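In this text, residue positions in the sequence shown follow the working numbering: the first is 16, and each later residue adds one.
Backbone N, C-alpha and C fix where the C-beta goes; we use that ideal spot for every residue, glycine too.
As the structure is a computational prediction, the values presented were derived from the model and not from experiment.
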Amino acid sequence: MAYRGAPENGIADRSIEALVSRVHLPERRERVTKRETEMRDTVAATMGGATHTERFAVGTRIGGREVIGFLGEGGSSELWVVALRGPRGETQALQAVKRARPGAPTAARIREMLVREGQLARRVRHPNVVRVEGVLLHDGEPLVLMELVRGVSLARISALLRTRGVRLPIGWVATLGAALARGLHAAHICRDSAGRPLGLVHRDVSPSNAVLGFDGVPRLLDFGVAKPTAHQPESVAFRGTLSYAAPEQLRGETVGPPADVHGLGAVLVELVTGARPFGRAKFLELCERRG
């Protein structure tokens, strides 16, 4: 099985195949019908055969698309796989939709963030950024529609390789980092509908928000806490992941692109060394300085 990616955007060598074999990823399915079957099996296994009244049911129709599987969930949101259907019911593409997790205490606030994420992230077009198509409405609920990337997060890669005592070659990580940096740059220079620079900052660059595709291309994702700093004041509330947040972000100061560069650097150090460069002790030290 070969994993191919454009050299300027990813890592196009056999190290991808070796890495994927180490983390025991499932084999890639080439036919859409087989992928759909696999997704349906995942739903059954994940949900244990029970149907939560607030969860999507497999087969739910959303604007010409059909829900075919549950992909995963975080603390505030969940991802579902949808199939874009043609006029005869044929599958034209598989995509992902992100929604607020049912029952979350701050679901209303999360829905507001999803709308903003869809509006902002759709303006970023780059091979190293997961493509966001916009926002769909289903029974009044906003859903972020995005491309479905088949791959594995850098968080999972880091955790599994750390468990096995495996270290990634520095050159391999440098190539990956350069690709993600290009994706970040595309976000930093994107413009609004009037052509004005947005000053968009991701603010949560972490291993969980980067995925290495089976095609060998690393991509940034989840602009849920991103902010167009050129047009809006900085929020008092902290948004991001503590271990990868820049010092100015932890201190509640206005953040810009350097904060994203800091996060990416912390991710790359972790991939090379197998350890987070800024642990709890460093975080507490920065908090004391903030006080």
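**Request:** Would you grab the beta carbon distance between residue 143 and residue 232 for me? Rounded to a whole angstrom, and I think it's under 8 Å.
**Result:** Within the sequence shown, residue 143 is the residue found at index 128, counting from 1. Within the sequence shown, residue 232 is the residue found at index 217, counting from 1. Confirmed, Cβ separation roughly 7 Å.
**Request:** May I ask you to report which of helix, strand or coil DSSP gives residue 172?
**Result:** Locating residue 172 in the sequence shown gives position 157, where the first residue counts as 1. Helix.
**Request:** Give me the Cα-Cα distance between residue 291 and residue 173, rounded to the nearest whole angstrom.
**Result:** Residue numbering aside, residue 291 sits at position 276 when the sequence shown is read from its first letter. Residue numbering aside, residue 173 sits at position 158 when the sequence shown is read from its first letter. Approximately 10 Å between the Cα atoms of the pair.
**Asked** Cα separation between residue 197 and residue 187?
**Response** To locate residue 197, count along the sequence shown from 1; it is residue 182. To locate residue 187, count along the sequence shown from 1; it is residue 172. Looking at the two C-alpha atoms, the distance is approximately 16 Å.
**Minimum length 4: unbroken alpha helix (DSSP H) runs contained in the stretch 257 to 284** = Counting whole runs of 4 or more residues, the stretch 257 to 284 contains the alpha helix (DSSP H) stretches 262 to 265.
**Asked** How many angstroms separate the CA atom of residue 205 from the CA atom of residue 214?
**Response** Position 190 of the sequence shown, counted from the first residue, corresponds to residue 205. Position 199 of the sequence shown, counted from the first residue, corresponds to residue 214. Their backbone Cα atoms lie some 7 Å apart in a straight line.
**Message:** Alpha carbons only, please: which of 78, 116, 117 is nearest the one belonging to residue 110?
**Reply:** In the sequence shown, residue 110 corresponds to position 95, counting from 1. It is 78.
**Message:** I need the straight-line Cα distance from residue 278 to residue 220, nearest angstrom please.
**Reply:** Numbered from its first residue, the sequence shown carries residue 278 at position 263. Numbered from its first residue, the sequence shown carries residue 220 at position 205. Distance between the alpha carbons of residue 278 and residue 220 is about 5 Å.
**Asked** In terms of alpha-carbon separation, which member of 167, 94, 128, 114 lies closest to residue 156?
**Response** Here the question's residue 156 lines up with position 141 in the sequence shown. From the listed residues 167, 94, 128, 114, the smallest Cα separation to residue 156 is found for 114.
**Message:** Suppose the cutoff is 7 Å on Cβ atoms and the five residues either side in sequence are ignored; what does the same chain contact list for residue 71 look like?
**Reply:** For the purposes of this step, residue 71 is taken as residue 56 along the sequence shown, with counting starting at 1. In chain order, 82, 95 place their CB closer than 7 Å to the CB of residue 71, counting only its own chain and leaving out the 5 sequence neighbours on each side.
**Request:** State the Cα-Cα distance for the pair residue 276 and residue 208, rounded to the nearest angstrom.
**Result:** Against the sequence shown, residue 276 aligns to sequence position 261. Against the sequence shown, residue 208 aligns to sequence position 193. Their backbone Cα atoms lie some 26 Å apart in a straight line.
**Message:** Quick check: what's the CA-CA separation for residue 158 versus residue 234?
**Reply:** What you label residue 158 is simply residue 143 of the sequence shown in a count that begins at 1. What you label residue 234 is simply residue 219 of the sequence shown in a count that begins at 1. Rounded to the nearest angstrom, the two C-alpha atoms are 21 Å apart.
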